[in-house]
Each structure stands twice: as C-alpha cells, then as structure tokens.
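Structure first, then comments.
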Amino acid sequence: MTTSATRALLLCAAVAGPLWSAVSLAQAATREGFDLTRHPLSLLSTGSLGWLQILNFVVGGVLLLLGAAGLRRALDGGWAPRLVAAAGVGMAAAGVLVMDPADGFPAGTPAGPGALGPSGIGHLAAGSLTFFSLIAACYVLGRRFSRAGQRGRAVASRVSGTALLLGNLWAMSGGTAGSLTLAVGAITAMLWVSRVSWTLAADAVVSTSTGGRR
711 MTTSATRALL
721 LCAAVAGPLW
731 SAVSLAQAAT
741 REGFDLTRHP
751 LSLLSTGSLG
761 WLQILNFVVG
771 GVLLLLGAAG
781 LRRALDGGWA
791 PRLVAAAGVG
801 MAAAGVLVMD
811 PADGFPAGTP
821 AGPGALGPSG
831 IGHLAAGSLT
841 FFSLIAACYV
851 LGRRFSRAGQ
861 RGRAVASRVS
871 GTALLLGNLW
881 AMSGGTAGSL
891 TLAVGAITAM
901 LWVSRVSWTL
911 AADAVVSTST
921 GGRR
C-alpha cells in the first residue's frame, strides 16, 4: 500500500471523531425534548429525525473501520488498529440496532426506562463493544507512546481512555447526569483516536514528500 493510500485511510479515522461528535451535539442542542443530562446520545436515533443519528452512527463506524486499516499500516500492526476496527463494527451496528424510546424522548414518550426490545438489547451490546474497544485502544496507544518516549501523548491517551471508562461506569451505576458523563467520555476518546490518526496522516505526507513508502 502506498503512503498516499495509507494517508487517505488515516484521514477517515481523523474525520470520524469530530464528525460524529458535531452531528450528535448539534442534534442534542436542537431536538425537542432532548436533555443530555438524562438522555444518552443513542436516543437521538429515535423519532422522526432519528435517521440522522442512525446515519451518523453508521458513517462513523465505517470511517473507523477504514481508519483502522490505515492505523494497521502506519503502526505496523498491533492491537490498537484491531481495537479501533472493533469500535467501528460496534458503532455501525449501534446505528442499525436502534435504541428503544424512553424517559420522555422522543416527545410524547412516557417517563421511565420503557420497554427493552431485541433492537434495544442489540444496541446496548453494540455500544458496549464500541466503548470497551475505544477504552482499550486508548490504553494500548498510551503504552506504545510511553515506550517511544512520547510522554505527553502517552498521558493524553490514558486520560482519554479513563474518561470514557469512568463515564461509562458512572452511567451504568445510575449516577446523576450519567448520560452527560458518558457522552463526554465517548467524545474525548473518539477525538483522541482521531487526533492520533491525523498526526500519523501528517507523518505520511512528510514520507511522501521525501519519496518514502509505508
């Protein structure tokens, strides 16, 4: 695979985090009845405009899968690309398997957790795959950066993974504003994976300018 092809794949992962985050937060701020302190971003897949978040999940997952191929090439294999690929599969599946309406959203839905159907169960499983894969990917990247003597990047990787780990645990425990802490953690981890991919893509540009190959 040429350096330019590797760079194109890495840019897919670089775009995934900012795109998914921006689309999700824009909807969270504008959809009637949605409250990020009570409703997980996955609930945006329900209602008349739910197709926007469904598409957001699927596109984000595909971009992570493509980006994982670039990471595998740029990092000479290892667990990080595999975990990013797993996160991509989980995210795309979370788009196809829509969460059940609950807790007053979409508008008109009764208060409370609501019924959990097969699609909702599948969504929770897919989301768990995404979250735990992203957490593990951040820690694996942290170890890699630490071994390379890149302390700042190592710390940022571990902080990102920990943000998602704690956000997920807090949400699962039913803690106050758990959906908000989960959203912050997920966005932090995704943006960090995107940042790493962007940096590697920039390195690929340098390699291209000097006639190198990856």
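Just so we're aligned, residue 711 is where the sequence shown starts under my numbering, counting upward by one.
Each residue gets a CB set at the ideal place from its N, CA and C atoms; glycine is no exception.
Everything numeric in this text was worked out from a predicted model, so none of it was measured.
Alpha-carbon spacing of residue i relative to residue j, whole angstroms
i	j	result
W789	A795	10 Å
P728	A899	11 Å
L762	L774	18 Å
A784	S843	19 Å
W908	R717	9 Å
G824	S838	20 Å
V906	P820	42 Å
G885	T872	17 Å
Contact belief for residue i with residue j at Cβ below 8 Å, rounded distance in angstroms
i	j	result
A893	L746	6 Å
R741	L754	6 Å
A864	S856	4 Å
G770	C722	At roughly 10 Å, the Cβ-Cβ gap does not stay under 8 Å, so G770 and C722 are not in contact.
L793	V850	6 Å
L719	L776	5 Å
Pick from the options that is closest to residue i, judged by C-alpha positions
i	options	result
W902	A912, L890, R868	R868
A866	L879, G852, L875	G852
G888	V799, H749, G824	H749
G814	P791, G743, A715	G743
G822	H833, I831, D810	D810
A738	R792, L890, Q860	L890
A715	C848, A812, L735, A778	A778
L765	W730, A736, L776, A812	W730
L807	I831, P791, A858	I831
R782	T713, G877, G818	T713
Contact test: residue i Cβ vs the ligand NAD heavy atom, cutoff 6 Å
i	result
C848	Among the components of this structure there are no ligands whatsoever, and the ligand NAD is therefore not found.
Beta-carbon proximity of residue i to residue j, cut-off 7 Å
i	j	result
F767	A732	no
T840	A797	yes
G757	P828	no
G787	A836	no
L874	G895	yes
S904	A726	yes
Residues that DSSP places opposite residue i in a beta bridge
i	result
F815	A812
Test: residue i CB closer than 7 Å to a CB of chain C
i	result
L753	Considering every chain present, this structure includes no chain C. It has just one protein chain.
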